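This report concerns only the one structure given below.
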Amino acid sequence: MGEKNIEWIEMFPLGETGITVSFGKGIHPDIHYKVKAFADYLEKHSFTGMIEYISSFCSITVYYDSLQVRTLSWDNIDTAKPISYQIVEQIMLKFLNEVDLTVEKKADIVRIPVCYGGEFGQDLEYVASYHKLSVQNVIDIHTSSRYLVYMIGFAPGFPYVGGMSPQIATPRRSSPRLSIPKGSVGIAGTQTGVYPIETPGGWQLIGRTPLALFQPDSEIPSLLQAGDIIEFYSISYEEYQAYEKGGLS
Amino acid sequence: MEVLKAGLFTSIQDLGRTGYQKYGVIVSGAMDAFSLRIANLLVGNPEPEAVMEITMIGPYLKIKKNTMIAITGADLSPMIAGERVPMWRPVYITQDTILQFGACKTGCRTYLAVAGGYNIKAVMGSQSTYLRAGIGGFSGRALRKGDVLQVLPVKDHQRPFIKKLQKNNQTKNFISSLWYVPEPLGLASSKNIVIRVTRGNEFSLFDTVSQKKFFEKSFHITTQSDRMGYRLAGDALTLENPTEMLSEAVTFGTIQIPPDGQPIILLADCQTTGGYPKIAQVARVDLTILAQSKPGQRIHFSEISLQEAEDLYIKREIYLQEIKRNIALYVN
Numbered sequence: 001m002g003e004k005n006i007e008w009i010e011m012f013p014l015g016e017t018g019i020t021v022s023f024g025k026g027i028h029p030d031i032h033y034k035v036k037a038f039a040d041y042l043e044k045h046s047f048t049g050m051i052e053y054i055s056s057f058c059s060i061t062v063y064y065d066s067l068q069v070r071t072l073s074w075d076n077i078d079t080a081k082p083i084s085y086q087i088v089e090q091i092m093l094k095f096l097n098e099v100d101l102t103v104e105k106k107a108d109i110v111r112i113p114v115c116y117g118g119e120f121g122q123d124l125e126y127v128a129s130y131h132k133l134s135v136q137n138v139i140d141i142h143t144s145s146r147y148l149v150y151m152i153g154f155a156p157g158f159p160y161v162g163g164m165s166p167q168i169a170t171p172r173r174s175s176p177r178l179s180i181p182k183g184s185v186g187i188a189g190t191q192t193g194v195y196p197i198e199t200p201g202g203w204q205l206i207g208r209t210p211l212a213l214f215q216p217d218s219e220i221p222s223l224l225q226a227g228d229i230i231e232f233y234s235i236s237y238e239e240y241q242a243y244e245k246g247g248l249s
Numbered sequence: 001m002e003v004l005k006a007g008l009f010t011s012i013q014d015l016g017r018t019g020y021q022k023y024g025v026i027v028s029g030a031m032d033a034f035s036l037r038i039a040n041l042l043v044g045n046p047e048p049e050a051v052m053e054i055t056m057i058g059p060y061l062k063i064k065k066n067t068m069i070a071i072t073g074a075d076l077s078p079m080i081a082g083e084r085v086p087m088w089r090p091v092y093i094t095q096d097t098i099l100q101f102g103a104c105k106t107g108c109r110t111y112l113a114v115a116g117g118y119n120i121k122a123v124m125g126s127q128s129t130y131l132r133a134g135i136g137g138f139s140g141r142a143l144r145k146g147d148v149l150q151v152l153p154v155k156d157h158q159r160p161f162i163k164k165l166q167k168n169n170q171t172k173n174f175i176s177s178l179w180y181v182p183e184p185l186g187l188a189s190s191k192n193i194v195i196r197v198t199r200g201n202e203f204s205l206f207d208t209v210s211q212k213k214f215f216e217k218s219f220h221i222t223t224q225s226d227r228m229g230y231r232l233a234g235d236a237l238t239l240e241n242p243t244e245m246l247s248e249a250v251t252f253g254t255i256q257i258p259p260d261g262q263p264i265i266l267l268a269d270c271q272t273t274g275g276y277p278k279i280a281q282v283a284r285v286d287l288t289i290l291a292q293s294k295p296g297q298r299i300h301f302s303e304i305s306l307q308e309a310e311d312l313y314i315k316r317e318i319y320l321q322e323i324k325r326n327i328a329l330y331v332n
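Chains B and F, in that order, give the protein sequences. Here UniProt numbering is used: the first residue of the first sequence is 1, the next is one more, and so on. Here UniProt numbering is used: the first residue of the second sequence is 1, the next is one more, and so on.
Set out below in structure tokens:
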């Protein structure tokens with residue numbers, strides 16, 4: 001606790017409304033667990049003027065209203081006083097001293113059903129032939145790993161995950177598709193992921209899930225959270241249709 | 001209110017959707033929040049109320065019921081029955097009047113507030129249109145011909161506003177107040193737009209020539225520009241040592257440099273995270289001028305400190321409070 005928490009932590013401004021707290025460099029579970037621990041802390045602790053926070057691979061950015069941070073009343077504005085960034089930096093140091101970054105949180109496991117191949121996974125055969133594997137091999141490899149959700153970004157509810165086997169890593173398509181349906185499961189280089197909304201993209205599509213990753217009417221609009229573990233499992237076309245009709249089991 | 005002609009791009013926006021960025025949900029909201037807030041103050045609405053954001057070519061709108069509106073931001077030649085509608089002040093309009101927009105004289109985005117506000121369901125706490133996800137605003141999309149927007153009834157405190165306006169019997173088609181809020185400086189189309197910025201976290205990773213060029217050269221706004229971002233064109237800016245960055249938080253006003261060296265300024269609809277080096281961050285007060293700049297114009301960047309950026313922001317907030325007080329004086 002205390003000082004040892006802070007020695008490898010860097011802080012820098014994102015304009016006059018944000019502070020980024022960086023816990024290291026690189027995509028690594030150890031860095032991720034620290035980011036996650038601090039995010040959990042911020043869920044329970046905030047300060048006057050704090051708007052929200054966002055976590056990424058190695059850092060957390062806290063957005064704040066500098067007016068609220070710096071001035072509690074209109075008469076209080078004094079340019080000799082520290083600017084809001086300096087005040088927020090002190091608050092972050094205090095928070096970092098209080099949070100225990102060493103505890104590894106128990107992750108939620110989210111199981112995602114995927115109908116592989118066919119019209120939903122038009123590139124599955126390409127991925128298989130690229131690696132001289134059978135289609136079933138690719139499915140087996142994709143469903144046998146556990147994937148850590150490092151961050152949510154790019155699109156609402158879109159998970160950046162780690163943990164895909166290099167055996168099925170496949171470069172992006174040379175020309176992106178103009179529209180990829182929501183729920184599509186794809187591979188891009190060493191990454192795998194699911195498209196929560198319809199969007200253009202260059203990923204190799206291997207299947208589709210009937211689960212809604214983005215749920216705008218829910219209090220928590222993203223099915224997945226940073227820190228979750230994903231497991232994919234294979235379902236048939238009929239099971240996919242049953243899911244879509246609301247037959248969620 | 002019925003849309004008779006859509007114009008180029010008109011959407012419903014408020015001050016944005018905050019609290020959900022950790023789920024990948026972008027902020028959206030008005031590109032020029034300053035003009036939005038003044039438009040609302042002028043008609044007695046709460047400052048963050050949703051308004052119409054109108055881009056470059058305005059719509060034709062049929063106003064079906066007696067109402068009070070205010071138009072701020074870009075001058076897109078608003079007209080009623082061939083007569084120019086004054087901006088930056090409340091205007092009373094009688095039922096079955098057609099409000100139309102014409103030539104874009106200054107700026108890029110106009111804000112049309114209506115007393116009482118538009119009846120738009122909030123999604124995740126905001127009425128702003130989130131185009132890519134198809135949520136918020138009017139059916140999650142830009143307005144089209146034939147759309148009908150319900151206007152909510154005015155609140156009790158707005159009635160004296162309207163009564164006072166009705167006393168100035170200027171024309172049959174509309175009645176505007178004699179007082180107005182002065183148009184912000186710098187909104188008028190200028191050949192030399194200066195945008196004040198603070199250094200981005202990766203500024204020092206650029207080679208010294210690029211660091212100098214960023215502040216000395218001008219960049220022009222290309223046509224590949226929208227609410228997500230402005231792509232600029234100018235001298236390419238390069239890193240001292242090319243490095244791969246991991247995605248981290250970016251925000252409205254972040255200036256990123258992708259590998260081709262041409263800056264991208266992220267705007268209201270930008271993604272929550274980005275992976276390109278951040279050379280600078282636009283000072284919050286200058287987001288107004290930026291939002292009112294359009295493709296073809298040239299911009300210069302000028303460096304200020306974080307302290308200066310924050311002081312400018314606080315000064316402008318004080319100015320807005322003064323406007324609020326003065327409006328209250330006129331009404332009461």
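By construction, the Cβ of each residue, glycine as well, lies at the ideal position given by its N, Cα and C atoms. This structure is a prediction, so every number in the text was calculated from the model and none was measured.
Which first and last residues belong to the beta strand (DSSP E) in which residue i is found?
i        : result
F:His300 : 298-303
B:Tyr150 : 147-152
F:Val114 : 106-114
B:Ala188 : 184-188
F:Lys164 : Here F:Lys164 belongs to no beta strand (DSSP E); instead the alpha helix (DSSP H) covers 159-167.
Looking only at C-alpha atoms, which of the options sits nearest to residue i?
i        : options                                : result
B:Pro29  : B:Gly201, B:Pro196, B:Ile220, B:Arg146 : B:Arg146
F:Ala236 : F:Pro258, F:Thr251, F:Glu244, F:Thr223 : F:Pro258
B:Thr209 : B:Glu238, B:Ala188, B:Gly201, B:Gln225 : B:Glu238
F:Tyr276 : F:Thr238, F:Ile80, F:Ala291, F:Val43   : F:Thr238
F:Gly261 : F:Asn241, F:Ala233, F:Ala283           : F:Ala233
F:Lys278 : F:His300, F:Arg199, F:Glu308, F:Ile162 : F:Arg199
B:Met164 : B:Glu98, B:Val88, B:Tyr150             : B:Tyr150
F:Val3   : F:Leu36, F:Gly146, F:Pro48             : F:Gly146
B:Pro218 : F:Met124, F:Ile323, F:Leu205, F:Phe174 : In the sequence as displayed, the identity of residue 218 of chain B is Ser instead of Pro. Among F:Met124, F:Ile323, F:Leu205, F:Phe174, the Cα nearest to that of B:Ser218 belongs to F:Met124.
B:Ile51  : B:Phe214, B:Asp65, B:Ser174, B:Phe12   : B:Asp65
B:Met92  : B:Lys106, B:Gln136, B:Ser46            : B:Ser46
F:Thr10  : F:Thr55, F:Val43, F:Thr18, F:Arg231    : F:Thr55
B:Thr17  : F:Ala249, F:Gln292, F:Glu303, F:Gln297 : F:Ala249
Does chain F have any CB closer than 7 Å to the CB of residue i?
i        : result
B:Ser234 : no
B:Ala169 : no
B:Tyr195 : no
B:Leu67  : yes
B:Pro176 : no
B:Asn89  : In the sequence under discussion, the amino acid at residue 89 of chain B is Glu, which differs from the Asn named in the question. B:Glu89 does not count as touching chain F.
B:Thr61  : yes
B:Gly157 : yes
B:Pro29  : no
B:Pro166 : no
B:Pro216 : yes
What do you reckon, is the C-beta of residue i under 6 Å from a heavy atom of the ligand MG?
i        : result
B:Gln136 : Annotation note on the ligand MG: not contained in the displayed structure, which lists no ligands.
Using 7 Å as the limit for Cβ to Cβ distance, is residue i near chain B?
i        : result
F:Ala309 : yes
F:Asn326 : no
F:Thr18  : yes
F:Thr251 : yes
F:Ile255 : no
F:Val194 : no
F:Thr97  : no
F:Ala123 : Note that residue 123 of chain F is Val in the sequence shown, not Ala. Yes, its Cβ sits closer than 7 Å to a Cβ of chain B.
F:Gln281 : yes
F:Glu47  : no
F:Glu240 : no
F:Thr94  : no
Let's see if you can read the secondary structure: which residues bound the alpha helix (DSSP H) around residue i?
i        : result
F:Arg132 : Unbroken run through F:Arg132: none, as it is neither H nor E.
B:Val69  : 66-70
B:Leu42  : 29-44
B:Leu96  : 84-98
F:Ile327 : 306-331
What does residue i touch in chain F if you count any residue whose Cβ is under 7 Å from its own?
i       : result
B:Tyr53 : Lys22
Are there 16 or more other CB atoms within 10 angstroms of the CB of residue i, so buried, or fewer, so exposed?
i                      : result
residue 294 of chain B : Residue 294 of chain B falls outside the range modelled here, since chain B spans only 1 to 249, and no answer is possible.
B:Gly109               : Position check: residue 109 of chain B holds Ile in this sequence, whereas Gly was assumed. Flag for B:Ile109 reads exposed.
B:Trp74                : With a pLDDT of 42 at B:Trp74, under the threshold of 50, the modelled position of this residue cannot be trusted; read the value that follows with caution. By the neighbour-count rule (16 or more Cβ atoms within 10 Å), B:Trp74 is not buried but exposed.
Can you pull the chain F neighbours of residue i, defined as C-beta to C-beta under 8 Å?
i        : result
B:Thr199 : Arg132
What residues of chain B sit near residue i, judged by a beta carbon separation below 7 Å?
i        : result
F:Leu306 : Pro13, Glu16, Ile83, Tyr85
F:Val25  : Pro156, Pro221
Which bits of chain B does residue i rub up against, with CB to CB less than 9 Å?
i        : result
F:Arg284 : Gly15, Glu16, Thr17, Ser66
F:Ser247 : Ser56, Phe57, Met151, Gly153, Phe154, Tyr160
Run down chain F in chain order and give the residues with a C-beta less than 9 Å from the C-beta of residue i.
i       : result
B:Thr20 : Asn201, Glu248, Ala249
B:Arg70 : Glu310, Ile314
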